[in-house]
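Chains as they are written, first to last, in the numbering used here: chain G, 2 to 197; chain H, 1106 to 1222.
Below, the structure written as structure tokens:
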């Protein structure tokens, strides 16, 4: 926990200053998580504000301060999911398949020769984004919370209020789907060429 | 370093390494200076909206109550103006019986039948 229980209790009783402190303590971590869940840095702050907005209006429903972090992660996962769903509805912003993605990546890498590290980072981001395009938004968020954020099954169970075994099965299936796309992806896209 | 790891090993390991590399590409960063002011603006805007809707709902309930009170009053006034029967129940019953008696005892008039021939 980044804050003490007393601060959470005060914030849940409507203390604006306590809520402000709560946001200041968690915003960096939450924005990082959102960035990795949605993969679009330009929209991170907007989604982050939505998370804290929902927190502000739902904090009084918190059963106890001990469950604050799973609660906050739940709000984060939901906001990321809502964002991804909205974004998927806009076809122009969706990367339809890996071959199209490959073209974009080539452009990106060529265009950013000045900063090769940034080009490499962007390539990795876009590759993961394209691989995760093959799974649903729910599975994308779940998989990233587990594989990238490093949350345990127990923690995920608390966030989703779901049995750990059910989560295990769902994660396994989602990972298998991503793995299949990874196998079928062109070598450059899957990051196997060792170019640069 | 992490960027290079996902380029070697079996597919499971490479995928794990790719996820780790992905994590390092988007580190936790401090938000811009506008983050908190904008957040509070959004909170206040939603509170204002909630207040407006709440007030509107209260006003509607008040108007509905007032309207139903007025209608109840109007109905009761209309009832009070209707003429009350001046006769008692027994009198009304007796009068009704009289009328029935008349039906039974009224003499029958027999019209003389005209000769058709």
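Glycine residues also receive a C-beta, built at the ideal position from the N, C-alpha and C atoms.
All values derive from a computational prediction rather than experimental measurement.
Is residue i near residue j, with beta carbons less than 8 Å apart?
i	j	result
residue 24 of chain G	residue 1141 of chain H	yes
residue 33 of chain G	residue 1131 of chain H	yes
residue 145 of chain G	residue 169 of chain G	no
residue 59 of chain G	residue 132 of chain G	no
residue 35 of chain G	residue 81 of chain G	yes
residue 1144 of chain H	residue 62 of chain G	no
residue 54 of chain G	residue 1153 of chain H	no
residue 172 of chain G	residue 1120 of chain H	no
residue 1124 of chain H	residue 149 of chain G	yes
Hey, out of the options, whose CA is closest to residue i's CA?
i	options	result
residue 57 of chain G	G/35, G/89, G/139 and G/12	G/12
residue 22 of chain G	G/78, G/3 and G/74	G/3
residue 42 of chain G	G/126, G/136 and G/74	G/126
residue 1137 of chain H	G/47, G/165 and G/89	G/47
residue 69 of chain G	G/124, G/163, G/5 and G/136	G/5
Looking only at its own chain, which residues have a Cβ that is under 6 Å from the Cβ of residue i, when we skip the five neighbours before and after it?
i	result
residue 130 of chain G	40
residue 175 of chain G	136, 140 and 144
residue 78 of chain G	142
Run through chain B and tell me which residues come within less than 7 Å of residue i, C-beta to C-beta.
i	result
residue 36 of chain G	No chain B is part of this structure, whose protein chains are labelled G and H.
Quick one: residues in its chain with C-beta nearer than 7 Å to the C-beta of residue i, no 5 flanking neighbours on either side, listed in chain order?
i	result
residue 38 of chain G	81, 142 and 145
residue 147 of chain G	157 and 172
residue 1217 of chain H	none
Interfacial residues, the region 1150–1162 of chain H to chain G, with Cβ spacing under 8 Å:
1151
Name the residues in the region 147–161 of chain G whose C-beta lies less than 7 Å from a C-beta of chain H; which are they?
148 and 149
Is it true that the region 1113–1122 of chain H meets the region 17–30 of chain G, where meeting means three or more beta-carbon pairs spaced less than 8 Å apart?
no
Check whether the region 151–161 of chain G touches the region 1161–1178 of chain H, counting contact only when three or more Cβ pairs, one atom from each stretch, lie closer than 8 Å.
Judged by Cβ distances under 8 Å, the region 151–161 of chain G makes no contact with the region 1161–1178 of chain H, as fewer than three pairs qualify.
Report yes or no: do the region 77–90 of chain G and the region 137–144 of chain G share at least 3 C-beta pairs separated by less than 8 Å?
The region 77–90 of chain G, when compared against the region 137–144 of chain G, does touch it at the 8 Å Cβ threshold.
Using a Cβ-Cβ cut-off of less than 8 Å, give me the residues of the region 19–32 of chain G that come near chain H, in sequence order.
21, 24, 25, 28, 29, 30 and 32
Selection of the region 49–74 of chain G by Cβ proximity to chain H, strictly under 9 Å:
49, 50, 51, 53, 54, 57 and 58
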